[in-house]
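I have placed the structure first, in the form of structure tokens, so that the comments after it can refer back to it.
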Amino acid sequence: MRENRELLYEVRSPKTLLEMTWPEVDALRKKTDIAMLSTGAVEQHGYHLPLGCDTIQSTESLRYAHDILLEKYGVESLIAPTIQFGICPGAMCYPGSITLRTSTLIAVLEDVCEGLYHHGFKNIILFLGHDENYASSMVAAQNVVDRHNDAKVVVLNPMPALKASERSSLKLDKNPRPDGHGGAGEASRGLCCHPNLVYLDLAQDDHWDPTKVVASEPILGGEPPLLGGGVYNPANEGRSYSYAAGDPGQTGDPSSASAEAGDKAFTAMAEVVAKVAYKLFVEDKK
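Just so you know, the sequence shown maps onto residues 922 to 1207 in my numbering.
Here is the structure:
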């Protein structure tokens, strides 16, 4: 029976904590006190991508970061298991989507960080693998470092590096149509790390209407924190999709997606993670 099962996607090295034995972790903690932990989500991503995109892809981002940190800086690190559920109440109209309460995610993040700290991993990066987990991640980080004065827990938002890479490789600057959740960028990362779960032939139009685009003068700092601004508006996060209205639950046209663009995006995010980890956890100790 087992040999007849379809291969859905491959998991490649480096190992995360899930794939390691305890002696392997024991050996690693004698070489490093750095751990990387990501938060994902289970939510709709159009007709063409799996609900677990954020979880699968954020883990892949940390695999890239692990390799760059080791190859470029000679620093070992532990990839902690991605927390696969996140904050996505606006996705609940789509079958299969699951959301956590913010208090639940904060508690889980704190408990996992406490476990890592207990085993000697006192320098932790919380990688943002899903937009709406940002606030909870910052609260958890603050709470952990308040309890341990020798701990560093850093929340890292990869979105600026990701968007810059996608604008270049997918030529998004030349297209007035917005690209985001489930669009060409996310589909590209899917083609790169889990191609058997990407069905571009099933992708549907996201009903973007150019006539409804209202040009207005930008407000200084008016973008959301994910994009470097200062306006956090949780009432608007992920609530622009409607299953009842026939919306596929995506932003953008995924037809231009490519595995090459996905690889460049993963690399761009990972380089930021590695640089931050080296700067804050290694260089600042010297």
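Glycine included, each C-beta is placed from N, C-alpha and C at the ideal position.
Would DSSP call residue i helix, strand or coil?
i, result
"Asn-1044", "strand"
"Ile-1000", "strand"
"Met-957", "strand"
"Val-1193", "helix"
"Val-946", "helix"
"Leu-1093", "helix"
"Leu-1147", "helix"
"Ile-1019", "strand"
"Val-963", "strand"
"Leu-1141", "coil"
"Gly-1007", "strand"
"Lys-1073", "strand"
"Leu-928", "coil"
With the cut-off set at 8 Å, would you say residue i and residue j are in Cβ contact?
i, j, result
"Thr-960", "Gly-1050", "yes"
"Thr-953", "Thr-980", "no"
"Glu-1158", "Glu-1053", "yes"
"Tyr-1199", "Leu-990", "yes"
Below 8 Å on the Cβ atoms is my guess for residue i versus residue j; work out the distance and round it to an integer in Å.
i, j, result
"Ile-1008", "Ser-1057", "6 Å"
"Leu-949", "Val-963", "So it is not a contact: roughly 29 Å between Cβ atoms."
"Val-1194", "Ala-986", "4 Å"
"Gly-1173", "Asp-1127", "6 Å"
"Ala-1178", "Ala-1105", "5 Å"
Can you find the residues in the same chain that come closer than 8 Å, C-beta to C-beta, to residue i, ignoring five residues on each side of it along the sequence?
i, result
"Glu-940", "Val-932"
"Ala-1085", "Ala-1189"
Judging by CA-CA distance, which residue of the options is the nearest neighbour of residue i?
i, options, result
"Thr-1220", "Ile-1000, Met-957, Lys-952, Glu-981", "Any answer about residue 1220 is impossible in this case: the structure gives the chain only from 922 up to 1207."
"Leu-958", "Tyr-1164, Leu-1148, Arg-984", "Arg-984"
"Leu-1047", "Ala-1191, Cys-1014, Thr-1020", "Ala-1191"
"Glu-1144", "Pro-1081, Glu-997, Leu-1030, Val-946", "Pro-1081"
"Asp-988", "Phe-1202, Phe-1187, Trp-943, Thr-1023", "Phe-1187"
"Val-1074", "Asp-947, Ser-1089, Ile-955, Glu-997", "Ile-955"
"Asp-975", "Phe-1202, Gly-1101, Leu-1121, Pro-1146", "Gly-1101"
"Cys-1034", "Cys-1014, Arg-1022, Arg-1068", "Arg-1068"
Closer than 6 Å by C-beta to residue i: which residues in its own chain qualify, once you throw out the five before and the five after it? Chain order, please.
i, result
"Gly-1103", "His-966, Gly-967, Leu-970, Gln-1171"
"Gly-1183", "Ser-1109, Arg-1110, Leu-1112, Cys-1113"
"Ile-977", "His-1115"
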